[in-house]
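Working notes for the structure below.
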Amino acid sequence: MKYLAIVTMFSMSLMAASPEVLQYMNDLSKTAKAENSAFNGFDAARGKEIFTSTHTGKQGKPMACTSCHTLNLANPGKNSLTGKVIEPLSPRANPQRLTSTKEVNKWLKRNFMDVYAREGSAQEKGDVLTYIMKN
Amino acid sequence: MMKFLNLSVAALILAGGVYLYAEDEHEEHEHRSSSVVAKPMTPQEKSTVALYQKECGSCHMAYQPQFLPKRSWDKTMNTLENHFGTDATLDPSDHKTIQNYLATHASKNDRTSDMKGAVALRISETPYFVREHREVTKKMVTQPEVKSFANCNACHTQASSGSYREREIRIPNYGRWED
């Protein structure tokens, strides 16, 4: 058990997120488990699907996370409505990313609403964060 | 001297001083009326301005509050869950801080007074804005480098620091604005 904890801590230190955000993901994981007993950890592949698939967004038009953030998270994106440049989402390209739970929470809520016209579930949020962390 | 000048310009900008009057013939008058030394901001005021610029400036320019009256800002802040088609909601504490900031610095002379009672959400809807931009052609605005009237700083090169002087205008692919 102790060994597992050390391994977990080590693998987390390799992940590109602050302890605060990792704690937030830990909480998401507990909620996901409570909501679905079959939940078995976050998955970057599911996160990628959430991030890259197109949906009917808040404005009733086709929309994806990639509409603004592009497919390459290490590159800057562009707000599809205003044209304003968005700094890269990848924590490796932009160390400011995934350092504040408040920011992460705010943008997950807003952007799920914009792309999916609903809030994301705990599992979806965790999956998409896991995908972002790996990019 | 230059350094001092820069600092005082920064102080004016931070204090919310905006050169709203872009017409050059107004500038001399503007300089006189704004030559009052701006009171330095308290740390709290500075952090409020920083919060406003960060929160409202992440998707578009953080427009100077002086461009709209309080009732416009209140309407904007009360409809952030559908802010021009996107969700721009804030956490309750930041929401309150920003709403107060906008109310305090809103336009005192109501630039929307002849909108037949309608409350302007877009600065570009206000009669003052419409008048000032009446000679700007549609092509100048809709070109990709500008996109819409919402991007003040596409042409007003000093817009984000609160200055809209005519001599600072550079329209992409067109150049200076000659009246």
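Protein sequences appear in the order of chains L and S.
Numbering-wise (this note's numbering), the first sequence opens with residue 1 and increments by one.
Numbering-wise (this note's numbering), the second sequence opens with residue 1001 and increments by one.
For each residue, glycine too, the CB sits at the ideal point set by N, CA and C.
Residue i classed as buried or exposed, judged by whether at least 16 other C-beta atoms fall within 10 angstroms
i, result
"S/Y1164", "buried"
"L/E124", "buried"
"S/T990", "Shown here, chain S extends from 1001 to 1179; a query on residue 990 of chain S therefore has no answer."
"S/K1116", "exposed"
"S/S1033", "Legend: pLDDT at S/S1033 = 45, less than 50; position of this residue unreliable, value from coordinates given subsequently. S/S1033 comes out exposed."
"L/L71", "exposed"
"L/R110", "buried"
"S/Q1064", "buried"
"L/T54", "exposed"
"S/N1173", "exposed"
"S/P1069", "buried"
"S/H1031", "In this predicted model, S/H1031 has a pLDDT of only 45, less than 50, meaning its place in the structure is not dependable; the value taken from the coordinates is given anyway. S/H1031 should be labelled exposed."
"L/A34", "exposed"
"S/T1126", "buried"
"L/Y116", "buried"
"S/K1046", "exposed"
"S/V1130", "exposed"
"S/V1146", "buried"
"L/S30", "Inspection of the sequence shows that residue 30 of chain L is occupied by Lys rather than by Ser. Result: exposed."
"S/E1135", "exposed"
"S/N1006", "Confidence in S/N1006 is poor, its pLDDT being 48 and thus under 50, which makes the residue's placement unreliable; the coordinate value appears in the next sentence. The residue is exposed, with fewer than 16 neighbouring Cβ atoms inside 10 Å."
Nearest-angstrom beta carbon gap, residue j and residue i [assumed within contact, 8 Å]
i, j, result
"L/T99", "L/S18", "4 Å"
"L/F39", "L/A32", "5 Å"
"S/S1107", "S/F1067", "7 Å"
"S/C1152", "S/R1170", "In fact, because the Cβ distance is near 12 Å, the residues do not count as touching under 8 Å."
"L/R118", "L/A16", "About 28 Å; that fails the 8 Å criterion."
"L/K78", "L/C68", "6 Å"
"L/A122", "L/L22", "Not quite, the Cβ-Cβ distance comes to about 15 Å (not below 8 Å), so this is no contact."
"L/K106", "S/D1091", "7 Å"
"L/T142", "S/H1060", "Here chain L comprises residues numbered 1 to 135, so residue 142 of chain L is not present and cannot be evaluated."
"L/K58", "S/T1042", "That pair is no contact at about 38 Å."
"S/M1077", "S/L1102", "7 Å"
For residue i, the residue or residues it bridges with in DSSP
i, result
"L/P76", "According to DSSP, L/P76 bridges with nothing at all."
"L/V85", "L/K78"
"S/T1086", "S/H1083"
"S/T1048", "According to DSSP, S/T1048 bridges with nothing at all."
"L/T56", "L/P62"
"S/G1175", "S/I1171"
"S/P1069", "S/S1107"
"S/H1095", "Bridge partners of S/H1095: none, in fact."
"L/H69", "Partner(s): none; L/H69 has no beta bridge."
"S/H1133", "Answer by DSSP bridge pairing: none, since S/H1133 is not bridged."
"S/H1156", "S/I1169"
Residues near residue i in its chain [Cβ-Cβ closer than 7 Å; skip 5 each side]
i, result
"S/T1097", "T1048, L1051"
"L/Y24", "T101, V104"
"S/S1168", "First, the residue type needs correcting, since residue 1168 of chain S is Glu and not Ser in the sequence shown. Taken in chain order, the residues that qualify are H1156, T1157, Q1158."
"L/M133", "M15, A16, A17, P91, L98"
"S/T1089", "L1080, E1081"
Contacting residues, own chain, Cβ-Cβ under 8 Å from residue i (five flanking each side not counted)
i, result
"S/K1075", "V1119, L1121"
"L/E20", "T99, S100, T101"
"L/L73", "P88, L89, S90, A93, I132, N135"
"S/S1072", "A1106, T1112, V1119, A1120, L1121"
Residue i at chain C interface by Cβ criterion, 8 Å
i, result
"S/K1116", "In the structure shown, chain C cannot be found, because the protein chains are L and S."
Close Cβ partners of residue i (< 6 Å) along its chain, the five nearest in sequence each way excluded
i, result
"L/G47", "D127, V128, T130, Y131"
"L/S80", "S67, C68"
"L/T52", "T66"
Contact list for the region 1074 to 1086 of chain S against chain L, Cβ threshold 9 Å: The region 1074 to 1086 of chain S vs chain L, Cβ under 9 Å: E1081, N1082, F1084, G1085, T1086.
Interface residues of the region 80 to 92 of chain L facing chain S [CB-CB below 9 Å]: Against chain S - using a Cβ distance shorter than 9 Å - the residues of the region 80 to 92 of chain L are L81, T82, G83, K84, I86.
Within 7 Å of chain L by C-beta, residues of the region 1042 to 1058 of chain S in sequence order: The region 1042 to 1058 of chain S vs chain L, Cβ under 7 Å: nothing.
Positions along the region 107 to 121 of chain L whose CB lies within less than 7 Å of some CB in chain S: For the region 107 to 121 of chain L, the set of residues with a beta-carbon nearer than 7 Å to any beta-carbon of chain S comprises K109, R110, M113, D114, in chain order.
Proximal residues, the region 51 to 74 of chain L versus chain S, C-beta separation under 7 Å: Residues passing the 7 Å Cβ filter: K58, Q59.
Where the region 1058 to 1073 of chain S meets chain L: residues whose CB sits under 9 Å from a CB there: Within the region 1058 to 1073 of chain S, those residues whose Cβ lies closer than 9 Å to any Cβ of chain L are, in chain order, S1058, C1059, H1060, M1061.
Members of the region 1140 to 1154 of chain S that neighbour chain L once the beta carbon cut-off is set at 9 Å: Against chain L - using a Cβ distance shorter than 9 Å - the residues of the region 1140 to 1154 of chain S are P1144, E1145, V1146, K1147, S1148, A1150, N1151, A1154.
Chain L contacts made by the region 1089 to 1109 of chain S, where a contact means CB separation under 8 Å: In summary, the residues of the region 1089 to 1109 of chain S whose CB is separated from some CB of chain L by less than 8 Å are T1089, L1090, D1091, in the order they occur in the chain.
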